[in-house]
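One structure is given below, encoded as structure tokens.
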Amino acid sequence: MQDEELIELLTGGDEGLAEKAFNVVYDRYKASAIRAAAYITKDAEDAADVVQDVFADLWQKRAKKEIDGNLGAYLNRAAQHRAMNMLNSGIKRKKRHFHHEEKYGMLSDQMLRQEKLKQLIEAVDKIAPEPYANAFKDSNIYGEEDQDVADKYNIPLRRVRYLTSKLTAKLRSIFNPK
């Protein structure tokens with residue numbers, strides 16, 4: 001049977017004849033369509049899935065399909081287009097997944113740093129009297145200049161640096177015990 005006859009039977013109103021024509025088309029063009037899809041997907045299993053979708057679409061929309069003569073070329077093009085769409089949607093999905101991991105991975109890192117900072121501040125408050133603890137936090141955690149901290153708390157600059165040295169050593173022993 002020629003392609004024109006198969007198309008006529010597929011798109012005609014007789015369900016029984018359409019089914020027979022579809023089976024002939026499937027047997028005749030399935031392998032070629034899989035090769036066309038596999039050329040794009042580089043994966044035989046994905047190509048077979050794509051071709052299955054192409055033939056399912058052909059069957060479901062057979063009355064509406066407008067196919068010009070060469071059924072094999074039509075099915076191969078349909079398989080290639082569907083394969084490209086499948087790959088493109090997979091790439092978009094991977095990009096969304098990467099963006100999601102990047103966004104929420106950064107949030108979890110940030111939360112971890114905040115938790116460690118909170119523990120550090122609590123430890124400083126426990127091991128040093130209030131004005132010295134505040135001076136240490138301002139200088140070493142909040143990044144103020146030592147001279148500004150000394151002026152703010154009315155502590156000699158040498159004392160601020162000494163506190164920084166001693167409290168840093170004490171915190172190291174707490175957070176990194178040997």
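Per the UniProt record's numbering, the sequence shown runs over residues 1 to 178.
The beta-carbon is built from N, C-alpha and C at its ideal position, and this holds for glycine as well.
Computed from a predicted model, the values in this text were never measured in an experiment.
Judged by beta-carbon spacing, aspartate 146 lies within the 8 Å limit of leucine 157, meaning their Cβ atoms are closer than that value.
Close CB contacts of asparagine 134 within its chain, under the 8 Å cut and outside five residues either way in sequence, are with Tyr153 (chain order).
A direct Cα-Cα distance of roughly 60 Å separates arginine 172 from arginine 82. Comparing alpha carbon positions, the residue from Asp151, Asn176 and Asn140 closest to leucine 163 is Asn140. Closest by C-alpha distance to tyrosine 26, out of Asp3, Asp14 and Glu45, is Asp3. With contacts defined by Cβ atoms closer than 8 Å, threonine 41 and methionine 1 do not form a contacting pair.
Linking alanine 48 to leucine 58 through their CA atoms gives a straight-line distance of about 15 Å. Spanning the alpha carbons of lysine 116 and serine 89 requires a straight line of approximately 40 Å. Within the UniProt domain "RNA polymerase sigma-70 region 2" (26 to 88), the runs of alpha helix (DSSP H) that reach at least 4 residues and sit entirely inside it are, in chain order, 44 to 60. A direct Cα-Cα distance of roughly 5 Å separates leucine 6 from alanine 21. For tyrosine 142, the secondary structure class from DSSP, reduced to helix, strand or coil, is coil. Just measuring C-alpha positions, the residue of Asp43, Val50 and Arg62 sitting nearest glycine 12 is Arg62.
Aspartate 43 and glycine 69 have their C-alpha atoms spaced approximately 29 Å apart. Secondary structure at methionine 1: coil, using DSSP grouped into helix, strand and coil. Note on tyrosine 39: under 16 other CB atoms within 10 angstroms of its CB, so exposed under the neighbour-count rule.
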